[in-house]
Amino acid sequence: MKTFYITTAIDYVNGSPHLGHAYEKVLTDVIARFRRMMGDEVYFLTGTDEHGQKIQQSARARGVAPQAFVDAIAPQFQEMCNRLEISNDDFIRTTEERHKRVVCELLQQLFDKGEIYKAEYQGYYSTRQEQFLQGKGRNEDGSWPEIYGEVTEITESNYFFKLASYQQWLIDHIKANPEFILPRYRAKQVLEFLSEPLNDLCISRPKERLEWGIPLPFDPDFVTYVWFDALTNYYSAVVDKPGVWPASFHVIGKDILVPPHAVYWPIMLHACGIAIPQSILAHGWWSINGAKMSKSTGNFVEPLEFVDTYGVDALRYFLIREMSVGQDSDFSLDQFWVRYNSELANNLGNLVNRTLNMTNRFAASTVPGVGPVGDAETALKAVWEKTHAEVIPLFEEFQFNVGLERIFAFITATNAYIEQRAPWKLGKSTDPADQAILQTSLATMAEALRLGSSLLQAVIPGTVQKIHGVLGYTAGSTWMDELVWGDRLTGKSVEKTCILFPRPDKKV
């Protein structure tokens, strides 16, 4: 069985992690955890992009060497992964020797084949984006989009990769493989870009202008530019791991789909004779309170500070519940509180504490066996069967927000079942029939909680672990077996109480 290999974009270490970085890591982690739960062998890579002109400029401004600069910033991204409970198997930095070695090997291979040549370039250059620009990227009034910042006209000699000669191959591949670009409507965006002739790709910078990069193996007076450096990380991290490449999914932001990941990267690989990834999944952007994220204006969410206040699973849940993968979404504290209170605290948290409280009061803290089963139990079990039959395909299609909606509908149904059975009333009765129904009710509540929480494992793993702990339960090795309604909790001793989602002392 081939490894399910999934990657995130590598983060540029010219600043601290922000909400967009956190979301991409959490989304990819949810996919990775879900695939592991489904039985796949998963390899999950993330990392940092550490070369380039902006790094060199920032290092000089601080009076430190570029390597010292990136060595100070990269750990912040590693710490973010740790704090967000990201289950990555590897974290690659593009300043590592293992990466630089593979970059040089690929460059030399293409140079020897005649796929890289030297020529003089005259045109426009964006320092902010560190890229040469084509005229078709201008606004209608002739200005350049704000994303490019200051654009200057320059002339210099550089090395170019014969990108244009592979244009038709890429068009044919995209049309023949509808799963290559996801969501599928993004393929239209890529094909529109490819509807005009491609220019060959400038892949170098002269050292007199940029020293901070990987020297070209065939000309040490030049360093390789971002495309043959940063994009190669996905391959360089696993080149020595049999059965991992090609990647199953690259998870990236929509802003770097075209042209880097959907055009440059597959053509680079194909030219090197390397299999290209199965799919590229492009996610949307977060705004904050309806406006663009900006540290300078204060419209900003610092993810680790948020975790300190509300807990890691509260943030993970909100990010996955609120955004439809591929679409943009808005992060507001008001909407966070709606999700936190109504879904996490008052629905799931309430179910946990009702289950513990009733089991302690009426069953000596031990989950009883099931007695007579009535219409109420049959109906709730039917809701469960429908729920988990729907959720797994939704998760497979990355519709996590819809899947979470279905899961919490089942949790709501379980709380409604408790109201219907009213174990607090049955507990007061001396009728043996009522006592038998009470035992069934308590067992049903506990089993429904176990099952519902098991579906949440990829999204809020720490919370699920706590729920299993207070139920005295240790999950088996096969997740799909865990989703079968049964009596696994019979005889388990439960804790007295558990506050999963407390009200924080302060608000970010």
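Take the sequence shown: its position 255, counted from the start at 1, is 257 in the numbering used here, and no numbers get skipped. The C-beta atom is built at its ideal place from N, Cα and C for all residues, glycine as well.
Curious, which full-length beta strand (DSSP E) runs of at least 3 residues does the region 22-80 contain?
Uninterrupted beta strand (DSSP E) stretches at least 3 residues long and entirely within the region 22-80 occur at 44-51, given in chain order.
Would you mind sorting isoleucine 156 into buried or exposed? The rule is 16 or more other CB atoms within 10 Å of its CB.
Taking the first residue of the sequence shown as 1, we reach residue 156 at position 154. By the 10 Å Cβ count, isoleucine 156 comes out exposed.
Valine 510 to threonine 311, Cα distance in whole Å?
Here residue 510 is taken as the residue at index 508 of the sequence shown, counted from 1. Here residue 311 is taken as the residue at index 309 of the sequence shown, counted from 1. Residue placement at valine 510 is poorly supported in this model, since its pLDDT is 48, which falls under 50; the coordinates still yield a value, given next. Take the alpha-carbon of valine 510 and the one of threonine 311: they are about 7 Å apart.
Alpha carbon to alpha carbon, how far is leucine 406 from phenylalanine 71?
Position 404 of the sequence shown, counted from the start, is the residue given in the question as residue 406. Position 69 of the sequence shown, counted from the start, is the residue given in the question as residue 71. Near 41 Å, if we compare the C-alpha coordinates of phenylalanine 71 and leucine 406.
Please list, in chain order, all residues of the same chain as glutamine 1 whose beta carbon is under 7 Å from its beta carbon, the five residues on each side excluded.
Nothing in the structure corresponds to residue 1, since the chain is present only between 3 and 510.
Quick one: which unbroken beta strand (DSSP E) runs of 3-plus residues sit fully inside the region 262-304? Chain order, please.
Entirely contained in the region 262-304, the beta strand (DSSP E) runs reaching 3 residues are, in chain order, 281-285 and 288-290.
Looking at C-beta atoms only, is the number of pairs between the region 390-398 and the region 343-352 that lie closer than 8 Å three or more?
By the Cβ rule, the region 390-398 does not count as touching the region 343-352, because fewer than three pairs are nearer than 8 Å.
Simplified DSSP assignment, three categories, for leucine 184
Taking the sequence shown and counting its residues from 1, the one referred to as residue 184 is at position 182. Correct three-state label for leucine 184: strand.
DSSP puts leucine 135 in a beta bridge; with which residues?
In the sequence shown, residue 135 corresponds to position 133, counting from 1. Per DSSP, Tyr126.
For phenylalanine 230 and valine 327, the rounded distance between their alpha carbons
Here residue 327 refers to the residue found at position 325 of the sequence shown. Here residue 230 refers to the residue found at position 228 of the sequence shown. Each residue's alpha carbon lies about 28 Å from the other.
Can you give, in chain order, each stretch of the beta strand (DSSP E) that sits fully within the region 319-389 and has at least 3 residues?
Whole beta strand (DSSP E) segments, 3+ residues: 331-333.
Return yes when the Cβ of leucine 112 is within less than 8 Å of the Cβ of threonine 234, no when it is not.
As a first step, residue 234 must be located in the sequence shown, where it is residue number 232. As a first step, residue 112 must be located in the sequence shown, where it is residue number 110. In this structure, leucine 112 does not lie closer than 8 Å to threonine 234 by Cβ.
Using the DSSP secondary-structure output, state which residues sit across from histidine 252 in a beta bridge.
Here residue 252 corresponds to residue number 250 of the sequence shown, with the count starting at 1. Paired residues: Thr9 and Ile282.
Separation of isoleucine 94 from alanine 239, as counted between CA atoms
Along the sequence shown, one-based indexing puts residue 239 at 237. Along the sequence shown, one-based indexing puts residue 94 at 92. Alanine 239 and isoleucine 94 have their C-alpha atoms some 7 Å from each other.
Quick check on DSSP: helix, strand or coil for proline 425?
As a position in the sequence shown, residue 425 is number 423, starting the count at 1. Secondary structure of proline 425 (DSSP, three-state): helix.
Buried or exposed by the 16-neighbour rule on C-beta atoms within 10 Å, applied to isoleucine 282:
Translated into positions along the sequence shown, residue 282 becomes position 280. It counts as buried.
Where threonine 50 falls, given that 16 or more other Cβ within 10 Å makes a residue buried
As a first step, residue 50 must be located in the sequence shown, where it is residue number 48. Threonine 50 should be labelled buried.
Just verifying my parser: in three-state terms, what is the DSSP assignment at valine 510?
Here residue 510 refers to the residue found at position 508 of the sequence shown. Note that valine 510 has pLDDT 48, beneath the 50 cutoff, so the model's placement of it is unreliable and no number is given.
Quick one, are the C-beta atoms of phenylalanine 302 and isoleucine 290 less than 8 Å apart?
On the sequence shown, residue 302 is found 300 positions in, with the first residue counted as 1. On the sequence shown, residue 290 is found 288 positions in, with the first residue counted as 1. Yes, the pair counts as a contact, with Cβ atoms nearer than the cut-off.
Would you list the residues sitting across from threonine 154 in a DSSP beta bridge?
Within the sequence shown, residue 154 is the residue found at index 152, counting from 1. DSSP output for threonine 154 lists Tyr127 as bridge partner(s).
Beta-carbon proximity list for alanine 415, same chain, < 7 Å, skipping 5 on both sides:
In the sequence shown, residue 415 corresponds to position 413, counting from 1. Excluding sequence neighbours, alanine 415 sits near Leu382 and Val385.
Are the region 358-374 and the region 57-71 in contact at 8 Å, needing three or more beta carbon pairs?
In short, these stretches do not touch, since the Cβ pair count stays below three.
Measure the alpha-carbon distance for glycine 144 versus valine 340 and round it to whole angstroms.
Residue mapping note: residue 144 aligns to position 142 of the sequence shown, counting from 1. Residue mapping note: residue 340 aligns to position 338 of the sequence shown, counting from 1. One C-alpha to the other measures close to 45 Å.
What's the C-alpha gap between histidine 20 and proline 305?
For this step, residue 20 is matched to residue 18 along the sequence shown. For this step, residue 305 is matched to residue 303 along the sequence shown. Histidine 20 and proline 305: Cα-Cα distance of roughly 6 Å.
Once DSSP output is grouped into helix, strand and coil, what is the label at phenylalanine 195?
Within the sequence shown, numbered from 1, the residue matching residue 195 stands at position 193. Shown here, phenylalanine 195 sits in a helix according to DSSP, grouped into three states.
At a cut of 8 Å, does the region 76-86 reach the region 201-211 through at least three beta carbon pairs?
Between the region 76-86 and the region 201-211, the count of C-beta pairs closer than 8 Å stays below three; the two stretches do not touch.
Which two residues bound the contiguous beta strand (DSSP E) that contains aspartate 242?
In the sequence shown, the residue the question calls residue 242 occupies position 240. Neither: aspartate 242 is in no beta strand (DSSP E) and is coded neither H nor E.
Determine the extent of the beta strand (DSSP E) in which phenylalanine 224 is found, giving its start and end residues.
In the sequence shown, counting from the first residue as 1, residue 224 sits at position 222. Where phenylalanine 224 is concerned, the enclosing beta strand (DSSP E) stretches over 221-226.
With distance defined between alpha-carbon atoms, name the residue in Glu43, Met39, Gly493 and His23 nearest to glutamate 81.
Taking the first residue of the sequence shown as position 1, residue 81 is located at position 79. It is His23 whose Cα lies nearest to the Cα of glutamate 81.
Apart from the five residues just before and just after alanine 316, which ones in its own chain have a Cβ nearer than 7 Å to its Cβ?
Stepping through the sequence shown from its first residue, residue 316 is reached at position 314. Tyr342, Leu346 and Phe503, listed in sequence order.
How big is the Cα-Cα spacing for glutamate 497 and tryptophan 287?
If you number the sequence shown from 1, residue 497 lands on position 495. If you number the sequence shown from 1, residue 287 lands on position 285. Between glutamate 497 and tryptophan 287, the C-alpha separation is close to 41 Å.
Could you tell me how far apart the beta carbons of valine 314 and glycine 464 are, in whole angstroms, since I believe they sit closer than 8 Å?
As a working note, residue 314 is residue 312 in the sequence shown. As a working note, residue 464 is residue 462 in the sequence shown. Right, the Cβ-Cβ distance comes to about 6 Å (below 8 Å), so this counts as a contact.
Write down every uninterrupted run of the alpha helix (DSSP H) in the region 427-456 whose length is 4 residues or greater and which is fully enclosed by it, in chain order.
Scanning the region 427-456 for uninterrupted alpha helix (DSSP H) segments of 4 residues or longer gives 434-456, listed from N- to C-terminal end.
Check whether the Cβ atoms of arginine 490 and isoleucine 420 lie closer than 8 Å to each other.
Against the sequence shown, residue 490 aligns to sequence position 488. Against the sequence shown, residue 420 aligns to sequence position 418. Between arginine 490 and isoleucine 420, the C-beta gap is not smaller than 8 Å, which leaves the two residues out of contact.
Could you tell me which of Ile469, Glu399 and Val265 sits nearest to isoleucine 173, measuring between CA atoms?
The residue you call residue 173 lines up with position 171 of the sequence shown. Closest in C-alpha terms to isoleucine 173, from the list Ile469, Glu399 and Val265, comes Val265.
Tell me whether methionine 482 is buried or exposed, calling it buried when 16 or more other Cβ atoms sit within 10 Å of its Cβ.
The residue you call residue 482 lines up with position 480 of the sequence shown. Methionine 482 comes out exposed.
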